[in-house]
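Residue numbers (the working numbering), protein chains in the order written: chain A, 338 to 579; chain B, 338 to 579. We put the beta carbon where it would ideally sit given N, CA and C, even for glycine. In this text, all values refer to a predicted model and were calculated from it rather than measured experimentally. A short write-up of the structure that comes next.
There are 2 protein chains.
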Amino acid sequence: MSTSSRSAPRREKARAATIDEIKLTALTHMRETGTVDFRFADIARAMEMTPPALYRYFADRDELLSALIADAYDDLGRAVAEARDAVPDDDIGARFLAVARAYRHWARQEPQQFALILGLPVAGYAAPADGPTTEAAQRAMSQLSSLFLQAIERGVLGPPRLRDVHPVIAECAAQKNQHLATAIPPETFQAMLHTWSTLHGFAALEAYGHFNWIDEAGRDALFDGHVRLAAEVAGMPAPKAP
Amino acid sequence: MSTSSRSAPRREKARAATIDEIKLTALTHMRETGTVDFRFADIARAMEMTPPALYRYFADRDELLSALIADAYDDLGRAVAEARDAVPDDDIGARFLAVARAYRHWARQEPQQFALILGLPVAGYAAPADGPTTEAAQRAMSQLSSLFLQAIERGVLGPPRLRDVHPVIAECAAQKNQHLATAIPPETFQAMLHTWSTLHGFAALEAYGHFNWIDEAGRDALFDGHVRLAAEVAGMPAPKAP
DNA sequence: TCAGTAGCGTTACGACTATTAACAAACACG
DNA sequence: CGTGTTTGTTAATAGTCGTAACGCTACTGA
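Below, the structure is given as structure tokens:
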């Protein structure tokens, strides 16, 4: 067994390309229909293949779905990280703004992928407990926490506008800190989750069209105020460069 | 034509009951599978009928979906309104808290219905531009704005912690005010949307399981702080009765 | 050079779904 | 009682997912 497969990079490359094309076709189809759903038959048609051929690359629809979810996490994480790194690291406030804007922008641009990873879990898809998607999720969300860490390290993170932190949350924060190099104080931990929820709420409502009755400029202004408020409340410094 | 149908309340009652049963069965199925999807065949099976029989009550799957969406809006609106009215109307702060808790509670209890109305628009369903769902949506969301109106009328609404309101938003608020008896100042309008977004973000993330790594007590404490912060920022008075 | 083989794509098939059409029973009402 | 509406059934069409069995192609190794 295993006669070849030692030196067949050509085949592997073609295979990877086909896999990418399948995923892209599925995505395109989801974008066109505006939903989180696809038919193997449609993908095959668009690629000028017959449906059973796809089973050479994905065991079933769920496996393709899992791959798309993992990719979506990666893409969101990448988009956010890129936006953050495009801002000088001595202006944490501006970095925060950039992160928030990237999150919103990605959600608007890719509402289907957004729903895929942050909406109601999709039909037939059960997140593998320790699989690649969970890991990807952690990576994507850590973009936000890393920003708070930077702020702490630079000593620019003010006290969040919070009442006393509930002991249960403090304990939860402590548990989370075990895996981190720099410790996050409980009130920062809470502020972080507050920030994420606040940011996510706007992004989700807008991405799904529930703000469509407000015109573009109004939504932009609204989001700006929304995020600045969240930053203030979380103790994030104001951006130096507006 | 129209021989009977003038006095056949018996038939109509049975028909309404069947319609309700269909919707309930669909909901149950969605709850069991944890997704926003159902098969006509499954519903029919559960009701011990044959699939084509359902077409006597709904023209197709989309029509049933539309009905479910309208019902979900009604249910959310009802739940929120009930929670609000259960609190004495001289304690606006407590009413606000009750409304927020009801929103969250409903989202957690009925994640599928929540996704149905506030998630990514569902496959094959196009919201009728002027149909019953739009109206239902307005009614449900007006629960929140009516609370702000009450606060204004009683003069207990403090200034929201906002920078200057963008003229575009002011214009948008003015446009919205045309349909209202009492005028809502622009900054309140903005505070309202900020509140909704903030509240919705937490509710959605939690309902879809993205806070599952925090235990129940922690989430409760988190939500409490989250909402109190939102209230403070929006200028809502603190609740008298905690 | 040439047989062997792994990978890819095809057609053929079974089980299932949404939806329509044609038909039968139950019911309301003159 | 007879007539027509309502509600359910079975039969049939078309499209889905997924499996099985079959070629074709291209690379491998003697």
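Beta-carbon proximity list for residue i, same chain, < 7 Å, skipping 5 on both sides
i                : result
Ala540 (chain A) : Tyr440, Arg441, Ala444
Leu391 (chain B) : Ile359, Phe377, Ile380, Ala381
Trp533 (chain B) : Leu481
Asn514 (chain B) : Ala520, Ile521
Phe375 (chain B) : Ala363, His366, Met367
Ala528 (chain B) : Pro497, Leu499, Ala571, Gly572
Phe560 (chain A) : Arg441, Phe539
Ala578 (chain A) : Asp428, Ala431
Arg556 (chain A) : Glu543, Phe548
Asp408 (chain B) : Lys360
Thr576 (chain A) : Reading the sequence as shown, one finds Pro at residue 576 (chain A) and not Thr. Around Pro576 (chain A): Asp428, Gly430, Ala431, Leu434.
C-beta neighbour in chain A for residue i, strict 8 Å
i                : result
Asp374 (chain B) : yes
Met573 (chain B) : no
Gln527 (chain B) : yes
Ala444 (chain B) : no
Gln480 (chain B) : no
Ile638 (chain B) : As displayed, chain B neither begins before 338 nor continues past 579, which places residue 638 (chain B) out of reach and without an answer.
Amino acids of chain A, ordered along the chain, whose beta-carbon sits closer than 8 Å to that of residue i
i                : result
Ile521 (chain B) : Chain A residues near Ile521 (chain B): none, gap ~14 Å exceeds 8 Å.
Ile380 (chain B) : Neighbours of Ile380 (chain B) on chain A: none; closest Cβ ~16 Å, over 8 Å.
Val570 (chain B) : Leu566, Val570
Ala452 (chain B) : Gly456, Leu457
Beta-carbon proximity of residue i to residue j, cut-off 8 Å
i                : j                : result
Val424 (chain B) : Ala416 (chain B) : no
Tyr410 (chain A) : Ala460 (chain A) : no
Leu486 (chain B) : Thr519 (chain B) : yes
Leu402 (chain A) : Gly562 (chain B) : no
Ala437 (chain B) : Val564 (chain B) : yes
Thr355 (chain B) : Tyr394 (chain B) : yes
Phe451 (chain A) : Ala544 (chain A) : yes
Val472 (chain A) : Pro497 (chain A) : Val is not the amino acid found at residue 472 (chain A); the sequence shown has Glu there. No, the pair does not count as a contact, with Cβ atoms beyond the cut-off.
His503 (chain B) : Leu566 (chain A) : no
Gly492 (chain A) : Pro574 (chain A) : no
Ile551 (chain A) : Cys509 (chain B) : yes
Ala554 (chain B) : Val373 (chain A) : no
Pro388 (chain B) : Gly546 (chain A) : no
Buried versus exposed call for residue i [16 or more other C-beta atoms within 10 Å across all chains shown]
i                : result
Thr362 (chain A) : buried
Gly456 (chain A) : buried
Ser342 (chain B) : With a pLDDT of only 41 at Ser342 (chain B), under the threshold of 50, the placement of this residue in the model should not be trusted; the figure read from the coordinates follows. Exposed is the call here.
Ala477 (chain A) : buried
Pro346 (chain B) : exposed
His537 (chain B) : buried
Asp357 (chain B) : exposed
Leu517 (chain A) : exposed
Ala558 (chain B) : buried
Ala568 (chain B) : buried
Glu447 (chain B) : buried
Contact with chain B by residue i, beta-carbon distance below 8 Å
i                : result
Ile506 (chain A) : yes
Tyr545 (chain A) : yes
Val459 (chain A) : yes
Leu499 (chain A) : yes
Gly456 (chain A) : yes
His531 (chain A) : yes
Within chain B, the residues that residue i reaches when beta carbons sit closer than 8 Å
i                : result
Ser534 (chain A) : Thr535, Gly538, Phe539, Leu542, His563
Thr370 (chain A) : Ala460
Ala518 (chain A) : Simply none; closest approach about 20 Å.
Cutoff 8 Å; reference residue i; Cβ partners in own chain excluding five residues on either side
i                : result
Leu323 (chain A) : For chain A, the structure presents residues 338 to 579; residue 323 (chain A) sits outside this window and is missing.
Gln480 (chain B) : Gly414, Val417, Ala418, Arg421, Val436
Ala383 (chain B) : Thr362, Thr365, His366
Leu542 (chain B) : Phe548
Gln449 (chain B) : Leu364, Met367, Arg368, Gly371, Thr372, Val373
Partners in chain A for residue i, counting only beta-carbon separations shorter than 9 Å
i                : result
Gly430 (chain B) : By Cβ distance, chain A contributes nothing, its closest Cβ being about 14 Å from Gly430 (chain B), past 9 Å.
Neighbour list for residue i in chain A, Cβ cutoff strictly below 7 Å
i                : result
Gly555 (chain B) : Val505, Ile506, Cys509
Neighbour list for residue i in chain B, Cβ cutoff strictly below 7 Å
i                : result
Pro642 (chain A) : Since the first residue shown for chain A is 338 and the last is 579, residue 642 (chain A) is missing from the structure and cannot be characterised.
Leu405 (chain A) : Those within 7 Å of Leu405 (chain A) in chain B number zero; the least Cβ separation is about 14 Å.
Partner residues on chain B for residue i, Cβ-Cβ distance less than 9 Å
i                : result
Leu559 (chain A) : His503, Val505, Ile506, Cys509, Gln527, Leu530, His531, Ser534
Residues of its chain near residue i, where Cβ-Cβ distance is below 6 Å and the 5 sequence neighbours each way are ignored
i                : result
Glu490 (chain A) : none
Ala488 (chain A) : Ile429, Leu494
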